[in-house]
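For the record, the sequence lines run as chains A and B. Here the numbering used here is used: the first residue of the first sequence is 201, the next is one more, and so on. Here the numbering used here is used: the first residue of the second sequence is 136, the next is one more, and so on. Everything below concerns the one structure shown next.
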Amino acid sequence: MNTFRIAQEGVRALSANKLRTFFMMAGTIVGIAALTVIMAVGEGTEKKVMKRITSFGTHAIVITAGGGKGFSPPQAGITTLRLEDAEAIRSQIQGIAVVAPFAVKRGLPIKAGSAQIQTMVMAVGAEWHEASDWYPQQGDPITAEDNATMSRVCVLGATTAKDLFGDEDPIGQYIQIGDVRFNVKGVLQSRGVSPMGDDFDSRIIIPLTTGLRRLYNQDYITNIRVKVQDTRQLVLISEEIRRLLHERHHITPPEEDDFAIFSAAEVAKTARGISGTLTILLSALAGLSLVVGGIVLMNILLISVGERTKEIGLRRAVGARRRDIFMQFLMESLAVTLIGMVLGSALGWAASVILARVTQFPVVISLEPFALALAFALVVGVFFGVQPARRAARLHPVEALK
Amino acid sequence: MIELEDIEKMYQVGGVALPVLKGISFRVESGEYLAIMGASGTGKSTLMNILGCLDKPTGGHYRLEGTDVVNLDDDALSHLRNHRIGFVFQMFHLLERATALRNVMLPLIYCEHYPEDAHKRAEKALAAVGLADRMLYKPSQLSGGQQQRVAIARALITDPAIILADEPTGNLDSRSGAEVMAIFERLHRDGRTIILVTHDRAVAEHANRIIILKDGQIAEDRPVPNPRDAEAELRVLAEKEGQP
Numbered sequence: 201m202n203t204f205r206i207a208q209e210g211v212r213a214l215s216a217n218k219l220r221t222f223f224m225m226a227g228t229i230v231g232i233a234a235l236t237v238i239m240a241v242g243e244g245t246e247k248k249v250m251k252r253i254t255s256f257g258t259h260a261i262v263i264t265a266g267g268g269k270g271f272s273p274p275q276a277g278i279t280t281l282r283l284e285d286a287e288a289i290r291s292q293i294q295g296i297a298v299v300a301p302f303a304v305k306r307g308l309p310i311k312a313g314s315a316q317i318q319t320m321v322m323a324v325g326a327e328w329h330e331a332s333d334w335y336p337q338q339g340d341p342i343t344a345e346d347n348a349t350m351s352r353v354c355v356l357g358a359t360t361a362k363d364l365f366g367d368e369d370p371i372g373q374y375i376q377i378g379d380v381r382f383n384v385k386g387v388l389q390s391r392g393v394s395p396m397g398d399d400f401d402s403r404i405i406i407p408l409t410t411g412l413r414r415l416y417n418q419d420y421i422t423n424i425r426v427k428v429q430d431t432r433q434l435v436l437i438s439e440e441i442r443r444l445l446h447e448r449h450h451i452t453p454p455e456e457d458d459f460a461i462f463s464a465a466e467v468a469k470t471a472r473g474i475s476g477t478l479t480i481l482l483s484a485l486a487g488l489s490l491v492v493g494g495i496v497l498m499n500i501l502l503i504s505v506g507e508r509t510k511e512i513g514l515r516r517a518v519g520a521r522r523r524d525i526f527m528q529f530l531m532e533s534l535a536v537t538l539i540g541m542v543l544g545s546a547l548g549w550a551a552s553v554i555l556a557r558v559t560q561f562p563v564v565i566s567l568e569p570f571a572l573a574l575a576f577a578l579v580v581g582v583f584f585g586v587q588p589a590r591r592a593a594r595l596h597p598v599e600a601l602k
Numbered sequence: 136m137i138e139l140e141d142i143e144k145m146y147q148v149g150g151v152a153l154p155v156l157k158g159i160s161f162r163v164e165s166g167e168y169l170a171i172m173g174a175s176g177t178g179k180s181t182l183m184n185i186l187g188c189l190d191k192p193t194g195g196h197y198r199l200e201g202t203d204v205v206n207l208d209d210d211a212l213s214h215l216r217n218h219r220i221g222f223v224f225q226m227f228h229l230l231e232r233a234t235a236l237r238n239v240m241l242p243l244i245y246c247e248h249y250p251e252d253a254h255k256r257a258e259k260a261l262a263a264v265g266l267a268d269r270m271l272y273k274p275s276q277l278s279g280g281q282q283q284r285v286a287i288a289r290a291l292i293t294d295p296a297i298i299l300a301d302e303p304t305g306n307l308d309s310r311s312g313a314e315v316m317a318i319f320e321r322l323h324r325d326g327r328t329i330i331l332v333t334h335d336r337a338v339a340e341h342a343n344r345i346i347i348l349k350d351g352q353i354a355e356d357r358p359v360p361n362p363r364d365a366e367a368e369l370r371v372l373a374e375k376e377g378q379p
């Protein structure tokens, strides 16, 4: 009927006393802002996790020589991870598609003509391409024959190719790694930058046998990359590999492992990092602000009902029904939480943007937090507005006019 | 148009029944100008609340334009107040933060159909009480007499059957009081029914009929042969001010 005009009466009371209105609104603003940040960080984190898992490989398990908790480069001087370990995994564990042992070395000087750079050198078997779904975009891959003949050939990452040869065609050219000359037989597909900021395309791959015997002069490897057939078996197979390596390396827990195993699960865990803790803290803040803010809102409204008794009496005298008075105060409460929601969302949005700029937190702004904020604002407004509105509506006009 | 039959009102005070009105009966015809008088504590305010449908009697019958008010629920009473009764209070009871115009429009918000011409009607009502040039003033910017005239315009906005005025000059100086009484006089000439509640004989004698309450009962109900003329009083006051 005239709900709109009665709502207007409620809103007018707000603009009349701005400080009072601000206090009524403060809790909602903080609560909704916190809620918005939670959602932004939560969504950003999930996106980051998905990206990391995708770039790591959804079917991949990577075994790294050396202990340690993070997915970090292999520790120097750990010589216990061997080709025989890879062979054992391949032959003894079910459900595996490919096993690709490799050895990484950093800091070797690389030269081509006048160009001189440093980058990661990976010595890989032929199966590495399949294990990591990564093939040359130009030229040929590292083959089993390359490994069998310990040939001095290499495949370059896209960035490395550019660094060494500029716009020239690198295929068939020679580069020097340490003291050894290699013939460039291919250039890998470009994979861009990793979520951690590393350039995937800055690398050189060479045959594993050539690397171990001609270049590194070592008989141990640094990593084994395993590709499973079914992602649902990732955890199971990880555990089987762990048991097998314990046995082969004569390790009995709680003795520390001399290797680390990573799969999508561990990657997700490290990618989530402290954003889980932040989410819990902010959730507590949001919940607390909304409840405390609601109680403050209710009390100020109750006081306001007391102060405006005469006004209520007059409105009743000129024809307002109980439900009109009820509506007026409920609408006042709802207007507070809805305006608070708009301000809170804006504040939360701004805070998320700043958070994304000054910290490493991944932040995604979407419409969902606003829908949720609207729902919360409505619930708080109604829940804490009903009691004052009822008290106002129950005032007897004669008593109120006195 | 108004018919009171043996109206009683009892209050329960600390478990003891306290009768305030003890069988009041009278009729008011359409177009009458009636004053209800009595010292404080005689039940005058209680009677006024019952007449204004703000309160219900505990006994008797009250028929307003044929409707027995005693049997109506709260919503129906609100509707009656909105449509049939215009209140004028001693304390004006204006919304402090609203303009004169918005104050006058207030009762229209509670009509079931908000009239299209609400604005125009309020402007007309304000012009009728001589405040055409004060429409956008807030109560604090108006004198007491002007505030009471805004309240009268508000009482008239829904075109009610009765104007109920409770000590309308109680808070005004004699000049403003006379102005307000002159407006009532004009409304009476236009055919409105006016009921004035006051303890002041000089105010009451502007009406055509006086009912005097005493101890919850009617002590006297008599016509006023020569009602006082507010317009004339106003002229006298103006002359006095003109030559000090």
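Quick reminder that beta carbons are idealized off the backbone N, C-alpha and C, glycines included. On a predicted model such as this, the values are computed, not experimentally measured, just so you know.
Just to confirm, is the Cβ distance from residue i to residue j under 8 angstroms?
{"i": "residue 358 of chain B", "j": "residue 341 of chain B", "result": "no"}
{"i": "residue 576 of chain A", "j": "residue 490 of chain A", "result": "yes"}
{"i": "residue 302 of chain B", "j": "residue 332 of chain B", "result": "yes"}
{"i": "residue 290 of chain B", "j": "residue 298 of chain B", "result": "yes"}
{"i": "residue 304 of chain A", "j": "residue 337 of chain A", "result": "no"}
{"i": "residue 514 of chain A", "j": "residue 588 of chain A", "result": "no"}
{"i": "residue 517 of chain A", "j": "residue 219 of chain B", "result": "no"}
{"i": "residue 585 of chain A", "j": "residue 547 of chain A", "result": "no"}
{"i": "residue 302 of chain A", "j": "residue 288 of chain A", "result": "no"}
{"i": "residue 520 of chain A", "j": "residue 545 of chain A", "result": "no"}
{"i": "residue 543 of chain A", "j": "residue 229 of chain A", "result": "yes"}
If you draw a straight line from the alpha carbon of residue i to that of residue j, how long is it in whole angstroms?
{"i": "residue 394 of chain B", "j": "residue 216 of chain A", "result": "Residue numbering for chain B in the displayed model covers 136 to 379; residue 394 of chain B lies beyond these limits and cannot be assessed."}
{"i": "residue 550 of chain A", "j": "residue 272 of chain B", "result": "41 angstroms"}
{"i": "residue 236 of chain B", "j": "residue 270 of chain B", "result": "5 angstroms"}
{"i": "residue 206 of chain A", "j": "residue 360 of chain B", "result": "47 angstroms"}
{"i": "residue 417 of chain A", "j": "residue 411 of chain A", "result": "8 angstroms"}
{"i": "residue 214 of chain A", "j": "residue 221 of chain A", "result": "6 angstroms"}
{"i": "residue 150 of chain B", "j": "residue 596 of chain A", "result": "20 angstroms"}
{"i": "residue 321 of chain B", "j": "residue 143 of chain B", "result": "33 angstroms"}
{"i": "residue 487 of chain A", "j": "residue 231 of chain A", "result": "7 angstroms"}
{"i": "residue 175 of chain B", "j": "residue 537 of chain A", "result": "47 angstroms"}
{"i": "residue 285 of chain A", "j": "residue 445 of chain A", "result": "7 angstroms"}
{"i": "residue 270 of chain A", "j": "residue 429 of chain A", "result": "In this prediction, residue 270 of chain A scores a pLDDT of 47, lower than 50, which makes its location untrustworthy; no coordinate-derived value is stated."}
{"i": "residue 441 of chain A", "j": "residue 456 of chain A", "result": "16 angstroms"}
{"i": "residue 293 of chain B", "j": "residue 539 of chain A", "result": "34 angstroms"}
Who are the neighbours of residue i on chain B, taking C-beta pairs under 8 angstroms?
{"i": "residue 519 of chain A", "result": "213, 214, 216, 217, 218, 242, 245, 246 and 293"}
{"i": "residue 209 of chain A", "result": "244"}
{"i": "residue 594 of chain A", "result": "Within 8 angstroms Cβ-Cβ: nothing; residue 594 of chain A doesn't reach chain B, min ~11 angstroms."}
Quick one: measure Cβ to Cβ for residue i and residue j, integer angstroms, because I've assumed they're closer than 8 angstroms.
{"i": "residue 239 of chain B", "j": "residue 260 of chain B", "result": "6 angstroms"}
{"i": "residue 384 of chain A", "j": "residue 371 of chain A", "result": "6 angstroms"}
{"i": "residue 177 of chain B", "j": "residue 349 of chain B", "result": "6 angstroms"}
{"i": "residue 173 of chain B", "j": "residue 347 of chain B", "result": "6 angstroms"}
{"i": "residue 231 of chain B", "j": "residue 274 of chain B", "result": "6 angstroms"}
{"i": "residue 242 of chain A", "j": "residue 496 of chain A", "result": "That belief does not hold up - the Cβ atoms of residue 242 of chain A and residue 496 of chain A are roughly 28 angstroms apart, past 8 angstroms."}
{"i": "residue 223 of chain A", "j": "residue 500 of chain A", "result": "6 angstroms"}
{"i": "residue 403 of chain A", "j": "residue 360 of chain A", "result": "6 angstroms"}
{"i": "residue 188 of chain B", "j": "residue 169 of chain B", "result": "That belief does not hold up - the Cβ atoms of residue 188 of chain B and residue 169 of chain B are roughly 17 angstroms apart, past 8 angstroms."}
Anything in chain B within Cβ reach of residue i, meaning under 7 angstroms, just list it in chain order.
{"i": "residue 216 of chain A", "result": "232"}
{"i": "residue 597 of chain A", "result": "189"}
{"i": "residue 191 of chain A", "result": "With chain A represented from 201 up to 602, any question about residue 191 of chain A goes unanswered, as that position is not in the structure."}
{"i": "residue 205 of chain A", "result": "244 and 249"}
Can you pull the chain A neighbours of residue i, defined as C-beta to C-beta under 7 angstroms?
{"i": "residue 184 of chain B", "result": "598"}
{"i": "residue 334 of chain B", "result": "None at all; the shortest Cβ gap to chain A is about 17 angstroms."}
Name the chain A residues whose beta carbon is nearer than 8 angstroms to that of residue i?
{"i": "residue 161 of chain B", "result": "By Cβ distance, chain A contributes nothing, its closest Cβ being about 21 angstroms from residue 161 of chain B, past 8 angstroms."}
I want to check one thing, is the minimum distance from the CB of residue i to the heavy atoms of the ligand ATP below 7 angstroms?
{"i": "residue 531 of chain A", "result": "The ligand ATP is absent from the structure shown, which contains no ligands of any kind."}
Any beta-carbon of chain E closer than 8 angstroms to the one on residue i?
{"i": "residue 341 of chain B", "result": "Chain labels in this structure do not include chain E; the protein chains are A and B."}
Of all the residues that make up the stretch 237–248 of chain B, which are near chain A by a beta-carbon distance shorter than 7 angstroms? 241, 242, 244, 245 and 247
May I ask you to list, following chain order, the residues of the stretch 193–211 of chain B that have a beta carbon less than 9 angstroms from some beta carbon of chain A? 209 and 210
Residues of the stretch 495–528 of chain A with Cβ closer than 9 angstroms to any Cβ of chain B, in chain order: 510, 511, 513, 514, 515, 516, 517, 518, 519, 520, 521, 522, 523 and 524
Residues of the stretch 315–333 of chain B with a CB closer than 9 angstroms to any CB of chain A: list them in chain order, please. none
Got a sec: which bits of the stretch 549–560 of chain A sit with their beta carbon under 9 angstroms from any beta carbon on chain B, in order along the chain? none
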